[in-house]
Ligand SMILES: [Zn+2]
Ligand SMILES: [Zn+2]
């Protein structure tokens, strides 16, 4: 068997989404999204590189990550399944959505979050997607 250039393969199921997001397959995908020179946060519109150059001391806060809108197509995500977001927006919006179950004002805050932050509530369990 001739081993040509090693091609990156998706991880072998079953895996949890946490395991999936540690795979070289996913890391390559996310770095391609985030290293784009023009990449900006889907929620607040901030451009990653512009801000990083301007405010080096804020580096940690100005980090970017990829957000999975849905897990339905993992490991072959389609356009719109993954979006770039800055760390601030990512944390804030996940928190707001998580706190929704506390009720009260959190319900309203979660409604606001949903306007800006696409997120489909599907859970991914060892290769099975549950709606
Ligand atoms: Zn943002
Ligand atoms: Zn996310």
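In my numbering, the protein residues as written are 1 to 131. C-beta atoms are modelled at their ideal positions from N, C-alpha and C, and glycine is treated no differently.
Query, Result
"Counting pairs of Cβ atoms below 8 Å between the region 94 to 107 and the region 70 to 78, do you hit three or more?", "no"
"So within the region 69 to 116, which uninterrupted beta strand (DSSP E) runs reach at least 3 residues, ignoring any that extend past its ends?", "82 to 86"
"Could you tell me which of 46, 73 and 85 sits nearest to residue 64, measuring between CA atoms?", "85"
"Would you mind sorting residue 29 into buried or exposed? The rule is 16 or more other CB atoms within 10 Å of its CB.", "buried"
"Residue 46: beta carbon under 7 Å from a heavy atom of ligand 1?", "yes"
"For residue 30, report the span of its alpha helix (DSSP H) as first-last.", "24 to 34"
"Out of 101, 102, 105 and 67, state which residue places its alpha-carbon closest to the alpha-carbon of residue 116.", "67"
"Could you tell me the distance, in whole angstroms, from the CA atom of residue 23 to the CA atom of residue 73?", "16 Å"
"Check residue 6 in the structure and name its three-state DSSP category.", "coil"
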